[in-house]
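Report on one structure; see the data block that follows.
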Amino acid sequence: MADKLAFVTGTSRGLGRAVAQSLLEHGWRVRGCARESASDELMEHERYAHQRVDLADARAVERWCSSWAGELGFAHVALVNNAGSIEPMGSLTAATASALADALALNVAAPMALMGQLVRHAPRAARVRIVNVSSGAAGKAVPGWAAYCAAKAALAMASEAFALELAELDEHRDRDVAVCSFAPSVVATAMQEAIRAQSREQFPQVERFVSLHDNGRLLAPEQPAAALIEWIETSKQGRFDVIRYAP
Numbered sequence: 055m056a057d058k059l060a061f062v063t064g065t066s067r068g069l070g071r072a073v074a075q076s077l078l079e080h081g082w083r084v085r086g087c088a089r090e091s092a093s094d095e096l097m098e099h100e101r102y103a104h105q106r107v108d109l110a111d112a113r114a115v116e117r118w119c120s121s122w123a124g125e126l127g128f129a130h131v132a133l134v135n136n137a138g139s140i141e142p143m144g145s146l147t148a149a150t151a152s153a154l155a156d157a158l159a160l161n162v163a164a165p166m167a168l169m170g171q172l173v174r175h176a177p178r179a180a181r182v183r184i185v186n187v188s189s190g191a192a193g194k195a196v197p198g199w200a201a202y203c204a205a206k207a208a209l210a211m212a213s214e215a216f217a218l219e220l221a222e223l224d225e226h227r228d229r230d231v232a233v234c235s236f237a238p239s240v241v242a243t244a245m246q247e248a249i250r251a252q253s254r255e256q257f258p259q260v261e262r263f264v265s266l267h268d269n270g271r272l273l274a275p276e277q278p279a280a281a282l283i284e285w286i287e288t289s290k291q292g293r294f295d296v297i298r299y300a301p
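Positions 55 to 301 (my numbering) are the ones given, in order, by the sequence shown.
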């Protein structure tokens, strides 16, 4: 029986699916979630379990977390907060309050809650690794991406702040818990398709992303996934790492 358990969000496609597949290949048990079902390859794997969860729904997040308490008796535990959305794109003048609230719930509040609950429920003796998928947009403003830039910047700060809690609060000092903010570079995903579908009026920098696609410069999800898994499986880590993947 595997002694390693990972929770991965957004496993229905893209980077999340590649991370889940790679973890399974490395002998992990994987609990995945997404709004849709996962691929047949994942769903049919004996060490993969899937839950359909809308991570923009706080109650759905809480219900998923509550199911963790009885299944975390593993020596190695990991969480990959991969799920996210770049919507709403376009001018902030056109964004509704409800769309912005949903974006921040999915991209910031859910990963923060999952981080806290994983550490709360994991055995004190377990090695715990948390990866929050970041973006260059966390540190660089992009016109038309106000919600996404704000969310990724917030998640990066939350990652670092939580790592400081782990280092400085007495209840966590003796635990082997590490957090990583991982930027995977520009990956061939459905998000990239959505970006390229924007008009120049909606997104002034769209031509850059069209060029990356047309010139074959988008990364296959398996490339950053391999680097992400390598970090998770390293036995000794500092409390906080920032990785900007570059092949």
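Every residue, glycine too, gets a C-beta built ideally from N, C-alpha and C.
The structure presented is a predicted model; accordingly, all values stated were derived computationally and were not measured.
Task: Helix, strand or coil at V187 according to DSSP, with G and I counted as helix - done: Your numbering for residue 187 matches position 133 in the sequence shown. Three-state DSSP puts V187 in a strand.
- Return helix, strand or coil for A60, following the three-state DSSP convention. The residue labelled residue 60 in the question sits at position 6 within the sequence shown. Strand.
Does DSSP classify V260 as helix, strand or coil? Locating residue 260 in the sequence shown gives position 206, where the first residue counts as 1. Reduced to three states, the DSSP call for V260 is helix.
**OP:** Identify whether L273 lies in helix, strand or coil by the three-state DSSP scheme.
**Re:** As a first step, residue 273 must be located in the sequence shown, where it is residue number 219. DSSP places L273 in strand when its eight states are reduced to three.
- Task: Examine the Cβ distances between the region 144–163 and the region 228–246 and report whether three or more of them are shorter than 8 angstroms.
- Result: no
(Q) Starting from S5, trace the beta strand (DSSP E) in both directions and tell me its first and last residue. (A) The structure shown does not extend to residue 5, since the chain is modelled only from 55 to 301, so the question has no answer here.
Check your understanding: Which term fits A232, buried or exposed, when burial requires 16 or more other beta carbons within 10 angstroms of its beta carbon?
Key -> Counting from 1 along the sequence shown, the entry for residue 232 is found at position 178. The residue in question, A232, is buried, as its Cβ has 16 or more Cβ neighbours within 10 Å.
I'd like the span of the alpha helix (DSSP H) that includes S139, first residue to last. Within the sequence shown, the letter at position 85 stands for residue 139. Taken as a continuous stretch (DSSP letters only), S139 belongs to no alpha helix (DSSP H), as it is neither H nor E.
*Which of helix, strand or coil DSSP assigns to A207*: Locating residue 207 in the sequence shown gives position 153, where the first residue counts as 1. Three-state result, A207: helix.
Does A103 come out as helix, strand or coil in the three-state DSSP assignment?
Indexing the sequence shown from 1 puts residue 103 at position 49. Strand, per DSSP.
Residues near L272 in its chain [Cβ-Cβ closer than 7 angstroms; skip 5 each side] = As a position in the sequence shown, residue 272 is number 218, starting the count at 1. Cβ neighbours of L272 beyond the five flanking positions: V240, V241, A242, Q246 and L266.
* Asked: On the three-state DSSP scale, how would you describe F216?
  -> The count along the sequence shown starts at 1 and reaches residue 216 at position 162. In the structure shown, F216 sits in a helix (DSSP, three-state: H, G or I).
Practice problem: Measuring alpha carbon to alpha carbon, tell me which of I140, F128, A281 and P301 ends up nearest V84. | Solution: As a working mapping, residue 84 is identified with position 30 in the sequence shown. Of the listed residues, the one whose Cα sits closest to V84 is F128.
Discussion item. Using a Cβ-Cβ cutoff of less than 8 angstroms, which residues in the same chain neighbour A280 once the five nearest sequence positions on both sides are dropped?
Written reply: Reading the sequence shown from its first residue, position 226 is the one you call residue 280. Excluding sequence neighbours, A280 sits near S76.
| field | Status (buried if at least 16 other CB within 10 Å, exposed otherwise) for P258 | value | Against the sequence shown, residue 258 aligns to sequence position 204. Per the 10 Å Cβ criterion, exposed.
### Query
Where does V296 sit, in a helix, a strand or coil, going by DSSP?
Position 242 of the sequence shown, counted from the start, is the residue given in the question as residue 296. Residue state, collapsed to three classes: strand.
Q: Report yes if the CB atom of P278 is closer than 7 angstroms to the CB atom of P238, and no otherwise.
A: Within the sequence shown, residue 278 is the residue found at index 224, counting from 1. Within the sequence shown, residue 238 is the residue found at index 184, counting from 1. Cβ distance < 7 angstroms, so P278 and P238 count as in contact.
### Query
Which term fits N269, buried or exposed, when burial requires 16 or more other beta carbons within 10 angstroms of its beta carbon?
As a first step, residue 269 is located in the sequence shown; it is residue number 215 there, counting from the start. Exposed, because fewer than 16 other Cβ atoms sit within 10 Å of the Cβ of N269.
Among residues of its own chain, excluding the 5 on either side of R298, which ones have a beta-carbon nearer than 6 angstroms to its beta-carbon?
By 1-based counting over the sequence shown, the position of residue 298 is 244. Answer for R298: A237, listed in chain order.
**Collapsed DSSP secondary structure at S91 in the structure displayed** = Sequence index remark: in the sequence shown, residue 91 carries index 37 (1-based). If DSSP states are grouped into helix, strand and coil, S91 belongs with coil.
*Buried or exposed: which applies to M55, given that a residue is buried once 16 or more other Cβ atoms fall within 10 Å of its Cβ?*
In the sequence shown, residue 55 corresponds to position 1, counting from 1. Bear in mind that a pLDDT of 45 at M55, under 50, signals an unreliable position, so the number given afterwards is only what the model happens to contain. When all chains shown are included, M55 counts as exposed.
Point to revise | Cβ shell of G170 (< 8 angstroms), same chain only, five flanking positions each side left out | key: Translated into the one-based positions of the sequence shown, residue 170 becomes position 116. So the qualifying residues of the chain are F216.
Using the rule of at least 16 other Cβ atoms within 10 Å of the residue's Cβ for burial, across every protein chain shown, is K206 buried or exposed? Numbered from its first residue, the sequence shown carries residue 206 at position 152. It is buried - the Cβ of K206 has at least 16 other Cβ atoms within 10 Å.
Problem set entry | Reduced DSSP category for A201 - H, G, I as helix; E, B as strand; rest coil | Locating residue 201 in the sequence shown gives position 147, counting from the first residue. DSSP places A201 in helix when its eight states are reduced to three.
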